[in-house]
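Take a look at the structure set out below.
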Amino acid sequence: MPKISDGLDDWRRTHYSREVTPDLDGASVTVFGRVQSIRRQGGITFIILNDMKGIVQVTVHRENSERSLLEKVERLPQYSLIGVRGVVRSIVKAPHGAEILPSEIKILSEPRKDLPFDPYGRVEQSIDKRLDLRMVDLLRPQSNAIFKIRSVVLESIREYLYSRDFIEVNTPKIISSATEGGAALFPLLYYDKEAFLAQSPQLYKEQLAAVFEKVFEIGPIFRAEQFRTLKHLSEAVSVDVEQAYVNYIDVMELLEGMLKHVVDTVHKRCECELATLNVKLEPVKLPLKRVTYDEVLHILEGGGVKVEWGEDLSTPILKTYSKIFPSYHFIIDWPTKSKAFYIKPKRDRPEVCESFDFMYGSVELASGGSRIDDRKELTERLKEKGLNPKNFEYHLKTFNYGIPPHAGFGLGLDRFIMVLVGVENIREVVLYPRDPQRLTP
Ligand code: ATP
Ligand code: MG
């Protein structure tokens, strides 16, 4: 039976694992972490302690250790969470050239059960098994690295947009009607009324751009997609950007700059994590290639794939053409009927709209465009799409009070991370993914 915790008392961390280096030789330190491994060899026990910044070796010599310490080390189970107080000794063979000779160890928590898999081991586990006990899976260096990179990506996106005067907003996720059409919405009971989970902050961010001019939101979007693919989730995170007094060309440039900043930052700040994942980031060369929808159709036709003009381009179809464009690029100038009602048709060719999809090979990472800023035109487009303008009155009425020309995009954060760290399954890059088959943990 595991003992109750020794308790934290007045112990506080003085150093992270990684900071225990030869220059601290002789210094007293207190560290905390999880026991990654224990190796007993003659009169010496080596404990590898794992904390948020890496590992440190704790070495117990039977000869000159107190009995109470030895008893504790004797029964110490792997994966326990412990605190260690001791003195640093410089030693070439230890990780980062130093070890801790402990004077006291506190056992703060011990596993009550065998772990279903060894997070520090080499045996690959199925993703479902890992997701069922995600907390343990996150101890795996690879999973752990993905989420540290994800955090740096979020930070650098904010950094980039803040430095360009964008303000961060939060819009409601419980809404009364569809943003983009009736399908793919999760209904819920809102007191005695029907409501829905928001599939996108689109209309709100457009209203906010009319006031704040440059806005962005990083938040969840909910899609009741029925199919199970490696790129779709029921709950995803979207980076939504909207700007006044610009068009789709300007926001494509903004997105390009953001991409470059993020990739450069991850390259600089996530060296260890990228090495753990065995990922070499490709440097971003700007400007990115812009291929028109018409050109894509032409390329596809050359490859023997016939697509009716006006149709959306599905992933299997795009597979053919992504051999020519395997990396980041834009597909621009989509047929108006293939895009949402709020996208602005081109003046000189209204069957085509001022729109883009930001792609990585055949994977869609973002959609964006210039937006319609005229109430009458927007109402017409709603009707053409078979939507009832009455349901959008809360939005349409804002157009009575001045809406500037504006443009923006929605970038799927999870899809972007997936591409960045080179994994096939979007579930790998989401802490607790939601799909038609998964609602826990
Ligand atoms: P797709 O055609 O790939 O289903 P979409 O065109 O329906 O995507 P948009 O409405 O354009 O998606 O949303 C903007 C971005 O949000 C997408 O480019 C994608 O990166 C991301 N996204 C949309 N739906 C999902 C989803 N179900 N799971 C994960 N990411 C999504
Ligand atoms: Mg899209």
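According to the numbering used here, the sequence shown holds residues 28 to 468 in order.
Where a beta carbon is used, it is the ideal one built from N, C-alpha and C, also for glycine.
Per DSSP, reduced to three states, the secondary structure at A251 is coil, with no helix or strand assignment. The region 272-291 makes contact with the region 180-198: 3 or more CB pairs, one atom from each, lie closer than 8 angstroms. For T425, the three-state secondary structure derived from DSSP is helix.
D267 is bridged by DSSP to E244, G437. The criterion of a C-beta distance shorter than 8 angstroms is satisfied by D267 and K232. Selection around the ligand MG by beta-carbon proximity, strictly under 7 angstroms to any non-hydrogen atom, yields D384, E391, S394 in chain order. The criterion of a C-beta distance shorter than 8 angstroms is satisfied by Q63 and I75. With a cutoff of 8 angstroms on beta-carbon distance, S394 and F436 are scored as near each other. Looking at the DSSP output, A222 bridges to L215. Judged by DSSP secondary structure, G110 falls within the beta strand (DSSP E) whose first and last residues are 108-117.
If you ignore the 5 residues before and after L392, its C-beta comes within less than 7 angstroms of the C-beta of F385, M386, L438, G439, R442, F443, V446, all in its own chain and listed in chain order. The beta carbon of L313 lies closer than 8 angstroms to those of E283, G284, K287 in the same chain, with the five residues before and after it left out. Taken through DSSP and simplified to helix, strand or coil, E131 comes out as strand. Spanning the alpha carbons of S203 and Y272 requires a straight line of approximately 29 angstroms.
With a cut-off of 7 angstroms, the C-beta of K258 is classified as near the ligand ATP, since at least one heavy atom of the ligand falls inside that distance.
Residue range 390-397 is occupied by the beta strand (DSSP E) that includes E391. Counting along the chain, no alpha helix (DSSP H) covers V379, and no H or E run does either. Taking 7 angstroms as the cut-off, the C-beta of I444 does not count as close to any heavy atom of the ligand ATP. When C-alpha distances from F383 are compared across F174, Q253, K366, E407, the shortest belongs to K366.
Non-local beta-carbon contacts of Q169 in its own chain, meaning distances under 8 angstroms to residues more than five positions away in sequence, involve T303, L304 in chain order. A direct Cα-Cα distance of roughly 16 angstroms separates E137 from P146. Taken atom to atom, the span from the alpha-carbon of T86 to that of K295 is near 33 angstroms.
Every candidate beta strand (DSSP E) stretch fails here, since none sits fully inside the region 131-212 while reaching 3 residues. It is roughly 37 angstroms from the alpha-carbon of R465 to the alpha-carbon of C380.
F243 and E195 do touch by the CB rule: their CB atoms are close to 6 angstroms apart, below 8 angstroms.
The region 117-134 makes contact with the region 47-54; the number of CB pairs closer than 8 angstroms reaches 3 or more. Of the residues N415, R177, D360, G246, the one whose Cα lies closest to the Cα of P377 is D360. Here the alpha carbons of P416 and K410 stand approximately 7 angstroms from one another. The criterion of a C-beta distance shorter than 8 angstroms is satisfied by I109 and I134. Around the beta carbon of V448, a 10 Å sphere encloses 16 or more other beta carbons of the protein chains shown; the residue is thus reported as buried.
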